[in-house]
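Trainee: In order, the protein sequence lines correspond to chains A and B.
Residue 3 is where the first sequence starts when you use our numbering, and the numbers rise one by one after that.
Residue 315 is where the second sequence starts when you use our numbering, and the numbers rise one by one after that.
Following this message is one structure expressed as structure tokens.
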Amino acid sequence: MKPIRDPIILPSEITDERDFRGRRSLLAALAASPLLLTGCQSASSEAPVGAGATAKAAPPVGPAAGGAIPGIKTSALSTSEPKTSWSDVTSYNNYYEFGTGKGDPVERAQSFQARPWSVTVDGECEAPGTIDLEDLIKPHAIEERIYRMRCVEAWSMVVPWNGIALADVLQRFKPTSRAKYVRFVGLEDKERMPGQRYPVLDWPYQEGLRMDEAMHPLAFLAVGVYSRWLPNQNGAPLRLVVPWKYGFKGIKGIVRIEFTNRKPATSWNDSAPDEYGFYANVNPAVDHPRWSQASERRIAADRNLFNARIPTLPFNGYAEQVASLYTGMDLATYF
Amino acid sequence: MTRFDRIAWSKLVLFPLALLPALLLVEGAFANRLGADPVDTLTHATGIWALRFLLLSLTVTPLRQWTGWNGLIRYRRMLGLFAFFYATLHLLVYVALDLGAYWADLLTDITKRPYMTVGFAAWLILLPLAATSTRSMIRRLGRSWQKLHRLVYVAAVLAVLHFFWLVKADLREPAVYAGILGDFARVQGFQSLAQASPGRADQRKGLKTIGTRAV
């Protein structure tokens, strides 16, 4: 039913005017930084995405939001279901740091600078430290994982993420036996994230996983989507993807990863403990106190106005892989 | 009784204007321009317009008293019927498009989920009001017509509550509508107080200060 969309120039493909005007100083800064040299090379070697875009804007420098990611591996963990379009994935976002409307992030995150970026990894581990994002990514091959994404609001998407298995990253920091949980913290910056000027949540955004959940092969750190570096509205430059849990577990703009022996506080759970649990596993049998979780509206190429609703599956269809993590737990209590 | 005067002409202009949001939604649906989740867009937009027209219909009485322009009363029925029209679209979109094949869930929704219960109750209240909006019904019901139609305030309170309860965390938008409704309540409250007391001048003063806030 959906007509084929014209190839449009996405806002994320257009270089911010400030960058464009300051391109010489940006290049000089890149040249001066040996860490970023690889990023610079990949930018010059890659073909610009969409010939039409280059006519109007300079190709992205380095791993700029929206630039193409080279050499992506495929994964057996990907679903073959029809995907949600690039334009829907990048224009319909819950990212309260940029506003509570679904269209706010794409509108208000365009000038956000997601590089340079560093992540602090600390807590119960032998090799803590603050690491530049490029160094965090560099040792790993970037994979594509096409995952179902089920929002707690009862809509869902199928998203081709690009990134790294969370476990592979975490292991580099040598968590100790005292590490029972992993805590994630998002960026807090009222200047750069205008949505944070309103205390709709207790900023910064925080999320957490039990250690065994974090080490599960499905748990994923995304740095890209649709083979491009993450657009700002999707959580650039680094976000969590836990496909068997509700979407709000997928914290965006991560600046800190902490190993801890105590269950970390999580933003939505803090905000409404009876509505959003720590586990937040997708479960059609446990309704949200205000609405049903038994089915969902799928936003994808094969769906339209009249057939959007589909049944919700336990653990978002990943029960075979993850149900064993929760044996013996009452999922209605630990929702 | 019906003169085709200036008010009648203005209603001819207002009618398509009030219909415009619905037409734009239909057009948007066909052109695939309702965003990633078109069902959600349709549900939200029809609900918001129902609430707007409901509140607009409620402004007529205080505005008439404040401005002293009695002709305003002739817009009230149209505004009220448009509120019912959008509320009905809202319900239809929910049942036919959102639930779709899962339409049987409506009963569970209404009985189990408070925001659905109050939303549906608001629509149920509007139903007899719309049905008794014809001139012959007004005549036939006499004094009880007025009593019956006071239920519109109950419907408005339920509609705002419905909005409040469905929002996830950001209460700013429903709060705006609740604020407007609260102002009406205060205006009406002042009015009944003033009617109980002999000083009519006080009433006008009270209305004036609050009227400027409400609009």
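Even glycine gets a Cβ: it sits at the ideal position worked out from N, Cα and C.
Quick caveat, the model's predicted, so the values are computed rather than measured.
For chain B, find out if any of its Cβ atoms is closer than 8 Å to the Cβ of L315/A; answer yes or no.
Mentor: So, not an interface residue.
Trainee: Could you check which residue in V161/A, V257/A, I253/A has the C-alpha nearest to that of T132/A?
Mentor: With distances taken between Cα atoms, T132/A lies closest to V257/A.
Trainee: I want to verify the contact list: residues of chain B whose CB lies under 9 Å from the CB of S158/A, in sequence order.
Mentor: Those within 9 Å of S158/A in chain B number zero; the least Cβ separation is about 10 Å.
Trainee: Quick check on the burial criterion: 16 or more other C-beta atoms within 10 angstroms. Buried or exposed for L326/B?
Mentor: When all chains shown are included, L326/B counts as exposed.
Trainee: Mind checking who A70/A pairs with in its DSSP beta bridge?
Mentor: Paired residues: R230/A.
Trainee: Residues of chain A with CB under 8 Å from L413/B, in chain order?
Mentor: Near L413/B (Cβ distances below 8 Å), the residues of chain A are R311.
Trainee: Of all Cβ atoms in chain A, is any one closer than 8 Å to the Cβ of G531/B?
Mentor: Nothing can be reported for residue 531/B, as the shown portion of chain B is limited to 315 through 529.
Trainee: Compute the Euclidean distance between the alpha carbons of S297/A and A287/A, then round it to the nearest angstrom.
Mentor: When rounded, the distance between both Cα atoms is 10 Å.
Trainee: Return the chain-ordered list of same chain residues with a C-beta closer than 7 Å to the C-beta of V468/B, the five sequence neighbours on each side being excluded.
Mentor: For V468/B, where only same-chain residues beyond five positions count, the Cβ hits under 7 Å are I439.
Trainee: For Q112/A, which of helix, strand or coil comes out of DSSP?
Mentor: DSSP places Q112/A in coil when its eight states are reduced to three.
Trainee: Using a 10 Å radius around the Cβ and a threshold of 16 neighbouring Cβ atoms, would you call M159/A buried or exposed?
Mentor: M159/A should be labelled buried.
Trainee: Using a C-beta cutoff of 8 Å, does G349/B count as contacting chain A?
Mentor: Chain A contact via Cβ: present.
Trainee: Against A483/B, what residues of chain A qualify as contacts under a CB-to-CB distance less than 9 Å, listed in chain order?
Mentor: Per Cβ cutoff of 9 Å: Y98, T102, V202, L203, W270, S273, A274.
Trainee: Quick one, which residues of the stretch 232–243 of chain A are near chain B if we go by CB-CB under 8 Å, in chain order?
Mentor: Cβ contacts with chain B: none found.
Trainee: Bridge partners for Y149/A per DSSP, in chain order?
Mentor: Beta-bridge pairing links Y149/A to V161/A.
Trainee: Is it buried or exposed, T425/B, if we count other Cβ atoms within 10 angstroms and call 16 or more buried?
Mentor: With fewer than 16 Cβ atoms within 10 Å of its Cβ, T425/B is classed as exposed.
Trainee: Assess, as a yes-or-no matter, whether the stretch 236–254 of chain A is touched by the stretch 89–97 of chain A under the definition of 3 or more beta carbon pairs within less than 8 Å.
Mentor: Enough Cβ pairs lie closer than 8 Å, so yes.
Trainee: Between the stretch 98–114 of chain A and the stretch 192–199 of chain A, are three or more C-beta pairs nearer than 8 Å?
Mentor: Result yes; three or more Cβ-Cβ pairs closer than 8 Å.
Trainee: Between which two residues does the alpha helix (DSSP H) containing V340/B stretch?
Mentor: Where V340/B is concerned, the enclosing alpha helix (DSSP H) stretches over 320–344.
Trainee: So what does DSSP say about V202/A, is it helix, strand or coil?
Mentor: It is coil, neither helix nor strand.
Trainee: Between A491/B and chain A, is the shortest Cβ-Cβ distance under 8 Å, so that the two count as touching?
Mentor: Per the sequence shown, the amino acid found at residue 491/B is Tyr instead of Ala. No, because no Cβ of chain A sits closer than 8 Å to the Cβ of Y491/B.
Trainee: Taking I139/A as part of the beta strand (DSSP E), name the residues at either end of that continuous run.
Mentor: I139/A -> not in any beta strand (DSSP E); alpha helix (DSSP H) instead, spanning 135–139.
Trainee: Helix, strand or coil for P291/A per DSSP?
Mentor: DSSP places P291/A in coil when its eight states are reduced to three.
Trainee: For the beta strand (DSSP E) containing I452/B, list its first residue and its last residue.
Mentor: Careful: I452/B lies outside any beta strand (DSSP E), inside the alpha helix (DSSP H) at 449–455.
Trainee: Where T329/A and A221/A are concerned, what is the direct C-alpha to C-alpha distance, given to the nearest angstrom?
Mentor: Rounded to the nearest angstrom, the two C-alpha atoms are 19 Å apart.
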